[in-house]
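Numbering (the working numbering), first residue to last: 311 to 434.
Reading through the structure tokens given below for one structure.
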Amino acid sequence: MSISYGFYNSINHDRKYNAEQISSIFDGIITDGVYHSIGDAFSVTPGTGMSVNVSSGRAWFNHTWTLNDAMIVVELTAAHQVYDRIDAIILKVDRDTRTNTITAKAGTPSSSPAKPKMADGEHP
């Protein structure tokens, strides 16, 4: 690993910083998670049918921030006819589309359901 540093004014466009480099100045000061003092901390309550309501809140995750200033509805996939399932409401950071979303990650229906597993690079 080499030394990384910044920020300096650009001379003839010799300095180019990306969002992750700028966000990294918060490393060691801010940790990934939901701010419990802002809004309702993304609290989740039952909605109608197969949905849940996610309240207002703010989070810092994976060098990006997310602010939700109003209640949003997150739709869940249809329930299994026999088995229970545990779904997770997650903050998804998509670097390809450069978007953050609050979405549902469905668990696997089972007689002994478990929390859904996150893919490589995802956090529980």
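C-beta atoms are modelled at their ideal positions from N, C-alpha and C, and glycine is treated no differently.
Close Cβ partners of residue i (< 8 Å) along its chain, the five nearest in sequence each way excluded
i      : result
Ser320 : Lys326
Ala380 : Ser366
Pro356 : Val362 and Asn363
Helix, strand or coil at residue i according to DSSP, with G and I counted as helix
i      : result
Lys427 : coil
Ala369 : strand
Ala329 : helix
Sequence-distant residues of the same chain with beta carbon closer than 6 Å to residue i, five excluded per side
i      : result
Asn372 : Val403
Asn378 : Ser366 and Gly367
Arg395 : Gly417, Pro419 and Pro423
His390 : Pro419
Ile382 : Val364
Own chain partners of residue i with C-beta closer than 7 Å, once the 5 adjacent residues on each side are dropped
i      : result
Ser334 : His373
Val344 : Ala351, Phe352, Gly367 and Ala369
Tyr318 : Arg325
Leu401 : Ala369, Phe371, Thr376, Asn410 and Ile412
Any non-hydrogen atom of the ligand FMN closer than 7 Å to residue i Cβ
i      : result
Ser353 : Absent from the structure shown: the ligand FMN. Ligands present: none.
For residue i: DSSP bridge partner residues
i      : result
Ile340 : Asp337
Thr413 : Ile400
Pro356 : Val362
Ser420 : Asp394
* Asked: Does the count of Cβ pairs from the region 331–338 and the region 346–353 closer than 8 Å reach three?
  -> In the pairwise beta carbon analysis, the region 331–338 is classified as not touching the region 346–353: fewer than three pairs are separated by under 8 Å.
* To do: Write down every uninterrupted run of the beta strand (DSSP E) in the region 375–411 whose length is 3 residues or greater and which is fully enclosed by it, in chain order.
  => Entirely contained in the region 375–411, the beta strand (DSSP E) runs reaching 3 residues are, in chain order, 382–385 and 398–404.
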